[in-house]
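Q: Residue numbers (this note's numbering), protein chains in the order written: chain G, -8 to 274; chain Y, -8 to 274; chain F, -8 to 274; chain X, -8 to 274.
1) Looking at chain Y, is there any beta carbon in it that lies within less than 8 Å of the beta carbon of residue 253 of chain G?
2) Assign residue 181 of chain G to buried or exposed, taking buried as 16 or more other Cβ atoms, counted over all protein chains shown, within 10 Å of its Cβ.
3) Please go through the same chain and pick out, in chain order, the residues whose beta-carbon is closer than 7 Å to the beta-carbon of residue -4 of chain X, but skip the five residues on each side of it.
4) Apply the 10 Å Cβ neighbour rule to residue 22 of chain F and answer buried if 16 or more other Cβ atoms are within range, or exposed otherwise.
5) Among G:236, G:245 and G:34, whose alpha-carbon lies nearest the alpha-carbon of residue 241 of chain Y?
6) Output yes if chain X places a C-beta closer than 8 Å to the C-beta of residue 155 of chain F; else output no.
7) Between the alpha carbons of residue 24 of chain F and residue 130 of chain F, how many angstroms are there, rounded?
8) Is residue 48 of chain F close to chain G, meaning its C-beta is less than 8 Å from at least one C-beta of that chain?
9) Within the chosen definition, does the stretch 148 to 158 of chain Y reach the stretch 168 to 184 of chain Y through at least 3 CB pairs nearer than 8 Å?
10) Within 8 Å, do at least three Cβ pairs link the stretch 223 to 230 of chain X to the stretch 197 to 214 of chain X?
11) In or out: residue 3 of chain X buried (at least 16 other Cβ within 10 Å) or exposed?
12) Quick check for students: name the residue ranges of the alpha helix (DSSP H) that lie wholly in the stretch 185 to 210 of chain F, counting only runs of 4 or more.
13) From residue 91 of chain Y to residue 133 of chain Y, what does the alpha carbon distance come to, in whole angstroms?
14) Entirely within the stretch 42 to 86 of chain F and at least 4 residues each: give me those alpha helix (DSSP H) ranges in chain order.
15) Could you tell me whether the stretch 155 to 164 of chain F touches the stretch 207 to 223 of chain F, where touching means 3 or more Cβ pairs closer than 8 Å?
16) Over what stretch of residues does the alpha helix (DSSP H) that includes residue 179 of chain Y continue unbroken?
17) Against chain G, does residue 199 of chain F count as a neighbour if the rule is that its beta carbon must be under 8 Å from one of theirs?
18) Against residue 165 of chain X, what residues of chain G qualify as contacts under a CB-to-CB distance less than 9 Å, listed in chain order?
19) Could you round the C-beta distance between residue 125 of chain G and residue 194 of chain Y to whole angstroms and report it? I think they count as a contact, below 8 Å.
20) Against chain Y, with Cβ distances strictly below 8 Å, would residue 220 of chain X count as a contact?
21) Interface residues of chain F around residue 206 of chain G at Cβ under 8 Å?
22) Does the CB of residue 233 of chain G have a neighbour CB from chain X at under 8 Å?
23) With a threshold of 8 Å between beta carbons, is residue 230 of chain F in contact with chain X?
24) Going by C-alpha distance, which of G:135, G:218 and G:138 is nearest residue 175 of chain G?
25) Report buried or exposed for residue 142 of chain Y, applying the criterion of at least 16 other Cβ atoms within 10 angstroms of its Cβ.
26) Of all the CB atoms in chain G, is at least one closer than 8 Å to the CB of residue 4 of chain X?
27) Look at the alpha carbon of residue 64 of chain X and the alpha carbon of residue 103 of chain X, and state the distance between them as a whole number of angstroms.
28) 8 Å is my cut-off, CB to CB: does residue 43 of chain F come that close to chain G?
29) If we define contact as Cβ-Cβ less than 8 Å, is residue 238 of chain Y a contact residue for chain G?
30) Are the beta-carbon atoms belonging to residue 78 of chain X and residue 88 of chain X less than 8 Å from one another?
31) According to DSSP, is residue 166 of chain F part of a helix, a strand, or is it coil?
32) Step through the CB atoms of chain X and report whether any lies within less than 8 Å of the CB of residue 32 of chain G.
33) Please report the Cβ distance between residue 234 of chain G and residue 230 of chain X, rounded to the nearest whole angstrom; I am assuming they are in contact, meaning their Cβ atoms lie under 8 Å.
34) Got a sec? Which residues, its chain only, sit under 7 Å from residue 76 of chain F by beta carbon, not counting five neighbours each side?
35) Could you please give the first and the last residue of the uninterrupted alpha helix (DSSP H) stretch that includes residue 104 of chain Y?
Encoded structure:
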């Protein structure tokens, strides 16, 4: 990595790389760029939310439009700059390196943030489609993921326990199918509007097993209530099981980190994990 | 085990064993059979769900019937084949070995998946009974359990903590009985339709303690609300207790696995546990 | 302890002690007595529940009464016998020893199970009082606590973490008071029937923070909804905190047990804890 | 620290310091003062709650007023005394030391407890403002925080895991924004009153993800229900994640405490943590 040893006589490209991609956060100008982008993303989310409130959007329509043009311009420049400097320090040399860089999750999110704006120019669009496009701007909130380092811990823990979590999810799916089909059998003659088919009673099963319990669908027959009671009690296990798995995952992760001692002092994420290219910029 | 050393001159029975029961997943044809069976099970579940939607079942009645005949034929052949090859490599020699094999949970599930189809031919049946039989096809989803290895971890953890989990369940039962009887006393004069007997107020107690809270039954008297508040707060403990027990169970399991080092590299389940015959096919 | 070395020439009192108080469960007659008492308790709970169902109690009134007389007779004999033999093997010599024994939680529960029957003969009673008395029979379910050994684990873990659990409960109380008073301020003018006083909005606060959410009380003002959102999100922490505390408690308990090695091989409870007289019968 | 070695010839200021700030709780008079203040705080909370019940406040208005004057007098004297003695034993010498002491969280809470009473005398106030002021007395419950030692454990665990908890909260925020905007898109044409804007559907999203589920807002379209099902299922993870993080935090905290061995024997909090000035009074 060049940028640490002789940052004095850096080219424009190296400067840009420092501003956008340097993760150490030492450079005050890079911090300023980060802060500006984070604030711009948050303002974009706020604007997209407020535009759905008719009493506000009716008055400030023009301001929202100007702010949208401004934001897309900035985000497009940012995307182009990131693609330009990606062969600096991260080893994305050549065309293939650039394509690989463009397919990284964070770069795809950046593309997703500006694409909705350009789509209506590329495709014939009707009004409904346009409305969906406008809401897709809210996905810009995902761009914030770039600025959170500790997120790696979660992916590590989930990767550590992925089989167990998958089995828990699989058991949840089987439980939902059996609960929904039994409840359909008990209730569909008494409440045909609510438990009229298994997909309908699946709605009840999910809302009960997750303990949300809106109250729009609940059994009234004795057998249905016995079944619902069992499902609700099993719902406790459906919370306890992933909580237990993740607890053990976080404990194991903490112990592994302590043993290795090669974790980033800033965020606690393990350094230079060979299967995680996003972390290579730490070392 | 013969099948690994000289797979070239294998008999049809050995081939069948390899296709159906070999857990190592090395053989590409065995993988194909697994994938086909998993997809067939999922399609069966989908079909049974869609058949309850009248707008669909009215049109495609014949397709559903043909698919059902096809599926039962396949699953029957699969069951017969599994029973035939069970004396290969798993040591189920003789009649007693075969009966023991037939009584294993996974084989019982396989039987349960095809039995509903044959039952109406064996027993006199009325219409209501037929409908229940048709829904029992959804139990075919349990056949998927065969294809999940990590499920052993859960059974190990639950076995490790079975006394504590039983005590938590026992405490839950006592709490439900006391809560339901007290709430019956406070509310049955004011809301006789909802809290008219202890089984009625038991419905309220379960839906409250599991924090589902449909809203079809809630106290309106001052004393009833004080009691419901206490029960709802104890509901937090009813979630925290099993979560804590299972957390410790998963942590202990992880430590034990690390010490022994004899876990399956594929799924993490401990190998050759003497009290679990299902795992013997790993070694 | 006499009963293990020479059980042949035992007196009636020693026999009785063996039948009722011996925790090792080696004697087959003692096991029979235990099973009989457990079944009798469960039948009593079932009877008390069924008596509140008018369609049943109207028909079988006499059977319920006879069963009640029978049960109280057995439980009274059991209580008397336990008081009689308590100076055998457990060191409750003299009057003071007997009084101490009578004040132990399990003996108080046994007294509570029979007292409701005798109370109307001792005190002048009206009808409402009688009904409450009849429901108190359901407290007999607490007698089952005597037959669960693993329950000691819970008390140990809770004792281990009692300060932290108390602080969590204290934080919950403060949160409830602040939430209820703020919600009262925001909503009591708009919904005077539901948020008319702080005790009323305390009902809302508890049902929301425990994530029960019946739907009988919810805010409709913008500020009220912002507050309710914050409270609901803090409700997640109110579940995660005790779950985390208890997880650490169970993990620590498991490690301590492993190190000491002086746990009961049957139930895992630590042996001869000096501050827990109930466990002395293990050694 | 002077107060332990020669408590006989202490001055009035030293006596006061002993009564109010000595954390060891050895002095019986200091215990009496603590108990009196705790009871006074609890009575104040009770009074503020009861004053909102019209049937009570109408009758006992004068008693409430007298009690309020009495309480504020005591709390004012307490605050003044704490400011006076703060240079004893805690090293708050000089003006700057006093100002630093006044800005400590516990001293700010003490100020907040009496300020609402004096505010109407300092500022012109209308009736609505007065009502808010009166409710602010309920914040006196926060004064109880001074008397709980184990609260330090929580702050230590949360500090230990602050990055991970922040990421979980950040993920929750992103999930809420995406869920609310998608549900707005699916439902706002069918239920314009309930899902009329993103802030409206944000209310639904929070009440669903926290599994409260009042039942005042729920989707009715097929796509809306599919989305709500996914959100409700992710709600399980939103409980399991912080539970897992805090579990690992409490386990790590327990292990660290064991290794250091420098914890307070009374409350288990680590002694003389260099970044926590509140704990300096322990040593």
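All C-beta atoms in this analysis are idealised placements derived from N, C-alpha and C, irrespective of residue type, glycine included.
All values reported here derive from a predicted model rather than from experimental measurement.
A: Looking at the coordinates:
1) At residue 253 of chain G the pLDDT is 47, less than 50, meaning the model places this residue with poor confidence; the figure from the coordinates comes in the next sentence. Output row for residue 253 of chain G: interface = no.
2) That one is exposed.
3) In this prediction, residue -4 of chain X scores a pLDDT of 47, lower than 50, which makes its location untrustworthy; the coordinate-derived value is nonetheless stated afterwards. Here the set comprises nothing.
4) exposed
5) G:236
6) Yes, residue 155 of chain F lies at the interface with chain X (some Cβ there is under 8 Å from its Cβ).
7) 21 Å
8) no
9) No, because fewer than three Cβ pairs between the stretch 148 to 158 of chain Y and the stretch 168 to 184 of chain Y fall closer than 8 Å, the two stretches do not touch.
10) yes
11) exposed
12) 189 to 200
13) 20 Å
14) List check, alpha helix (DSSP H) in window: 45 to 48 and 52 to 76.
15) No: fewer than three Cβ pairs fall under 8 Å.
16) Taken as a continuous stretch (DSSP letters only), residue 179 of chain Y belongs to no alpha helix (DSSP H), as it is neither H nor E.
17) no
18) 132, 133, 135 and 136
19) The beta carbons of residue 125 of chain G and residue 194 of chain Y sit about 46 Å from each other, so the pair does not count as a contact at 8 Å.
20) no
21) Those are 205 and 206, listed as they occur along chain F.
22) yes
23) yes
24) G:218
25) buried
26) no
27) 14 Å
28) no
29) Taking Cβ atoms only, chain G reaches closer than 8 Å to residue 238 of chain Y, which makes this a yes.
30) yes
31) helix
32) no
33) 7 Å
34) Excluding five sequence positions before and after residue 76 of chain F, the CB atoms of its chain that fall closer than 7 Å to its own CB belong to 4, 7, 8, 11 and 12, given in chain order.
35) 96 to 113
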